[in-house]
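*Asks:* In this note's numbering, the protein residues as written are 4 to 245. Cβ coordinates follow ideal geometry from the N, Cα and C atoms, glycine included. In this text the structure is predicted, and so the values were computed from the model without any measurement.
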């Protein structure tokens with residue numbers, strides 16, 4: 004899926020959104036108070052903003068990254084619905100912060116040189132708004148340095164939660180296609196306690212290289228499933244109900 008994050012129209016949109024990040028638009032209320040998160044020697048400080056601008060509404064955040072107390076990078080997220088920040092230790096021996104700068108797509112910050120990559124699926128940013136298409140919204144990630152795969156929690160707008168998987172050998176580049184784990188659970192292994200429209204929740208990668216999911220309920224308890232995934236991240240090789 005093509006990347007719209009560096010197109011002229013999307014960059015112009017983001018530039019317009021910057022007008023929201025002014026002192027009078029800062030908000031502080033339950034759930035939107037300044038947040039400070041620690042990632043090893045890094046501290047991320049987040050402040051929230053809301054504004055109704057010409058042709059767009061912004062409810063976003065200003066993010067400041069500090070290393071050992073010194074500010075080293077900053078960015079703005081123009082839509083913070085379900086935002087997340089996750090530090091990963093990559094198999095290339097580098098560290099990356101994975102997060103979002105908008106509702107769709109994802110961003111990756113290299114903590115080695117503070118270069119930033121953003122992916123925004125073009126289907127959700129068409130030149131003609133009549134062609135708009137919902138794409139998967141990322142809400143969390145789990146990375147396996149053993150397999151080189153990234154598991155992503157999220158959903159399509161207003162749909163059940165689910166998990167996708169993709170190879171993440173080059174963090175600063177887009178990867179396509181993404182494998183929907185729901186397809187494997189629904190089509191290949193129908194088992195008691197799982198319905199096709201259930202939420203699929205991400206638990207995380209296990210020491211043996213399998214991906215653990217929470218997929219349904221039996222007697223009021225969530226079911227856990229371990230998925231063994233192919234090296235290219237495109238096939239489920241085996242499923243085990245825990």
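1) Are the C-beta of residue 25 and some C-beta of chain D separated by less than 8 Å?
2) Check whether the Cβ of residue 109 lies closer than 7 Å to any heavy atom of the ligand ADP, and answer yes or no.
3) Is residue 61 closer than 8 Å to residue 29 when the C-beta atoms are compared?
4) At the level of alpha carbons, what is the spacing between residue 208 and residue 214?
5) For residue 42, collect the residues of the same chain with a Cβ closer than 8 Å to its Cβ; drop the 5 residues on either side in sequence, then sort them by chain order.
6) Pull up the CB-CB distance for residue 222 and residue 243, whole angstroms please, since I reckon it's below 8 Å.
7) Which residues mark the beginning and the end of the beta strand (DSSP E) in which residue 100 is found?
8) Does the beta-carbon distance from residue 165 to residue 183 come in below 8 Å?
9) Where do the N-terminal and C-terminal ends of the beta strand (DSSP E) with residue 74 fall, by residue?
10) Measure the CB-CB distance between residue 212 and residue 137 and report whether it falls below 8 Å.
11) Please classify residue 83: does DSSP put it in a helix, a strand, or coil?
12) Measuring only the C-alpha atoms, how far is residue 161 from residue 127?
13) Based on Cα-Cα distance, which residue from 4, 13, 9 lies nearest to residue 132?
14) Nearest by alpha-carbon distance to residue 97: which of 106, 112, 15, 156 is it?
15) Grab me the residues of residue 65's own chain with a C-beta within less than 6 Å of its C-beta, minus the 5 sequence neighbours each way, in chain order.
16) Could you please give me the residues that DSSP links to residue 52 through a beta bridge?
*Replies:* Straight from the coordinates:
1) Of the protein chains in this structure there is only one, and it is not chain D.
2) Among the components of this structure there are no ligands whatsoever, and the ligand ADP is therefore not found.
3) Your numbering for residue 29 matches position 26 in the chain shown. Your numbering for residue 61 matches position 58 in the chain shown. Not closer than 8 Å, so no.
4) One-based indexing of the chain shown puts residue 208 at position 205. One-based indexing of the chain shown puts residue 214 at position 211. Cα to Cα, the separation comes out at about 4 Å.
5) Reading the chain shown from its first residue, position 39 is the one you call residue 42. Shown here for residue 42: same chain residues with a beta carbon closer than 8 Å to its own, the five before and five after excluded, namely 88, 90, 100 in chain order.
6) Along the chain shown, one-based indexing puts residue 222 at 219. Along the chain shown, one-based indexing puts residue 243 at 240. No, residue 222 and residue 243 are not in contact; Cβ-Cβ is about 20 Å, not under 8 Å.
7) On the chain shown, position 97 is the one that residue 100 refers to. For residue 100, the enclosing beta strand (DSSP E) covers residues 98 to 102.
8) Position 162 of the chain shown, counting from 1, holds the residue named residue 165. Position 180 of the chain shown, counting from 1, holds the residue named residue 183. In contact: residue 165 and residue 183 (Cβ atoms closer than 8 Å).
9) Numbered from its first residue, the chain shown carries residue 74 at position 71. Looking at the DSSP string, the run of the beta strand (DSSP E) that includes residue 74 is 73 to 80.
10) For the purposes of this step, residue 212 is taken as residue 209 along the chain shown, with counting starting at 1. For the purposes of this step, residue 137 is taken as residue 134 along the chain shown, with counting starting at 1. No, they are not a contact pair.
11) On the chain shown, position 80 is the one that residue 83 refers to. Annotated three-state conformation of residue 83 is coil, per DSSP.
12) On the chain shown, residue 161 is found 158 positions in, with the first residue counted as 1. On the chain shown, residue 127 is found 124 positions in, with the first residue counted as 1. In this structure, the CA atom of residue 161 is about 15 Å from the CA atom of residue 127.
13) Indexing the chain shown from 1 puts residue 132 at position 129. Minimum Cα distance to residue 132 is reached at 13.
14) Taking the chain shown and counting its residues from 1, one reaches residue 97 at position 94. Answer by Cα proximity: 112.
15) Taking the chain shown and counting its residues from 1, the one referred to as residue 65 is at position 62. Apart from sequence neighbours up to five positions away, the residues of its chain that approach residue 65 with a beta-carbon distance below 6 Å are 24, 50, 79, ordered along the chain.
16) Residue numbering aside, residue 52 sits at position 49 when the chain shown is read from its first letter. Paired residue(s): 29, 63.
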